[in-house]
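Please read the structure below before turning to the comments.
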Amino acid sequence: MDMSKGYDLVEWSFPKGMLLTMGFATSWVEFIIHCLKTVIYSILVNGKEGQKFHATRGLKQGDLLSPYLFLIYSEGLSTLMRLAEKEGLIEGAKVSRSGLKISHLLFADDNILFGEASKRGHMYLWVF
């Protein structure tokens, strides 16, 4: 699962909910979301600046805060995967004789999902 476009797809409500769930103070979370929402963009077309606009989702690449927010976003995905495995909705791949199973690995902008191919697992992963 390639997450190279992940920065563009982050809905702001998700990191907000994750930060609150992780115990960050509401005032701090509101400050972070304010930083995301108040960025103004413009596009150069033939060397001329176009109309300015605000983004409605996504994390600004190159911003010092964005990698940390993306990690929180990825942690949410990881938590959902572990929960799905615990509830028997998906099953990880057995990687040792002792029975250790792995359902996913997260990297900088890629995820590897492990498991048996099944309709039930496919339907659950489609939600992600």
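Residue numbers (UniProt numbering): 1 to 128.
Backbone N, C-alpha and C fix where the C-beta goes; we use that ideal spot for every residue, glycine too.
- In this structure, Lys16 lies near Val29, with their beta-carbon atoms less than 7 Å apart.
- Residue range Asn111 to Leu113 is occupied by the beta strand (DSSP E) that includes Leu113, with no alpha helix (DSSP H) assigned at that position.
- Secondary structure note for Leu106: its beta strand (DSSP E) is the uninterrupted segment His104 to Leu106.
- Collapsing the DSSP output to three states places Lys52 in coil.
- Proximity of the segment 38 to 49 to the segment 85 to 102 falls short of the contact definition, fewer than three beta-carbon pairs being nearer than 8 Å.
- Nearest in C-alpha terms to Thr56, of all of Leu113, Ala93, Asn111 and Glu11, is Glu11.
- Of Ser66, Leu77 and Leu89, the smallest CA-CA separation from Ile112 is found for Leu77.
- Per the DSSP secondary-structure output, Ala93 pairs in a beta bridge with Ile102.
- By the Cβ neighbour-count rule, Ala84 is buried, with 16 or more other Cβ atoms within 10 Å of its own.
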